[in-house]
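Residue numbers (the working numbering): 418 to 583.
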């Protein structure tokens, strides 16, 4: 009976812990999972910026049309594709003597306005004019993101000034 008691005390007093191999394996698995998580987070953040830019432009178009009707004035949203920004102006996009109301506002990092094409008579311009009667110069804006195939298009109808997301 004495030998059994000594064996129990000896085994219960031994050090418990992890071996070096177990510790290295755990750290390697943690590192792989962290890398996957960071990549996923980066992709999700970029997608959120893309959605936010599209939503902001859609809201801007609708608000500017409503403002033109409410104030009884012609308003223009001018897109500068080289600077990746837009500005809101009082007056027609094709006219002179425009007054800056807001902007220039830059596009979110990683997001691009690929095109902004609106019909102004026989030619096309990079800006949209909203008139006091609710009409607009018809056209569309295309928004893309670096590293993604996703393309969002906002279309403006000329006769009604209606803004639609395609």
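The beta carbon of each residue, even a glycine, is placed where N, CA and C say it ideally should be.
Taking all protein chains shown into account, do 16 or more other C-beta atoms lie within 10 angstroms of the C-beta of residue i, making it buried, or fewer, making it exposed?
i: residue 474; result: buried
i: residue 505; result: buried
i: residue 441; result: exposed
i: residue 447; result: exposed
i: residue 524; result: buried
i: residue 542; result: buried
In terms of residues, what are the limits of the beta strand (DSSP E) holding residue i?
i: residue 565; result: No beta strand (DSSP E) contains residue 565, which DSSP labels as neither H nor E.
i: residue 539; result: Unbroken run through residue 539: none, as it is neither H nor E.
i: residue 496; result: 492 to 497
i: residue 512; result: Where residue 512 is concerned, there is no enclosing beta strand (DSSP E), given that its DSSP letter is neither H nor E.
i: residue 500; result: No beta strand (DSSP E) holds residue 500; DSSP gives it neither H nor E.
i: residue 516; result: 516 to 523
Compute the Euclidean distance between the alpha carbons of residue i and residue j, then round it to the nearest angstrom.
i: residue 478; j: residue 471; result: 11 Å
i: residue 544; j: residue 452; result: 43 Å
i: residue 512; j: residue 526; result: 31 Å
i: residue 390; j: residue 572; result: Because the chain in this structure spans residues 418 to 583, residue 390 falls outside the shown range and cannot be described.
i: residue 483; j: residue 456; result: 41 Å
i: residue 606; j: residue 459; result: Residue 606 lies beyond the range of the chain shown here (418 to 583); nothing can be said about it.
i: residue 507; j: residue 559; result: 24 Å
i: residue 565; j: residue 580; result: 24 Å
i: residue 501; j: residue 563; result: 13 Å
i: residue 534; j: residue 497; result: 11 Å
i: residue 552; j: residue 461; result: 37 Å
i: residue 556; j: residue 454; result: 40 Å
i: residue 583; j: residue 450; result: 36 Å
i: residue 537; j: residue 469; result: 28 Å
i: residue 491; j: residue 503; result: 17 Å
i: residue 520; j: residue 438; result: 59 Å
i: residue 485; j: residue 549; result: 5 Å
i: residue 570; j: residue 510; result: 21 Å
With DSSP as the reference, identify every bridge partner of residue i, one or two as the case may be.
i: residue 584; result: As shown, the chain starts at 418 and ends at 583. That puts residue 584 outside it, with no answer to give.
i: residue 547; result: 492 and 553
i: residue 581; result: 572
i: residue 506; result: 493 and 517
i: residue 528; result: 562
Any chance the CB of residue i is under 6 Å from a heavy atom of the ligand ZN?
i: residue 540; result: With respect to the ligand ZN, the structure shown offers nothing to examine, as it has no ligands at all.
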